[in-house]
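Numbering (our numbering), first residue to last: 423 to 552.
C-beta: ideal position from N, C-alpha, C; glycine also.
Encoded structure:
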């Protein structure tokens, strides 16, 4: 995939997240998790992160609560993972069903707008992996 096409695709996903409520819904849930953790350092893994727009907004929300949030992203697509990679969001290209992290190595696992890509049994496997 051409890197320009990958970046444009990621911008489109971020725009759809904003317009159709994916970002708002994820942040609403994270708000409840982050509230009350002032002064703590937490980690968030976003599986199928796309543009990394939700982890970016999550870091902003965490700062409002005095939480330092380290965000990590995973995407199955090498070009998309490469395009979304940044100092604020280190990326890995990986299969969501076999995450390249030890069990319980992150505080928060996020998976937004991804389950519809999987059949029922694989959805269950993904949720167990998270």
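Where residue i falls: helix, strand or coil (DSSP)
i           : result
residue 447 : helix
residue 462 : coil
Contact under 8 Å by Cβ, residue i with residue j
i           : j           : result
residue 484 : residue 449 : no
residue 502 : residue 458 : no
residue 467 : residue 480 : no
residue 432 : residue 505 : yes
residue 512 : residue 494 : yes
residue 552 : residue 545 : no
Assigned exposure category for residue i - 16 Cβ within 10 Å defines buried
i           : result
residue 534 : buried
residue 469 : buried
residue 477 : buried
Identity of the residues DSSP links to residue i by a beta bridge
i           : result
residue 469 : 496
residue 513 : 495
residue 531 : 467
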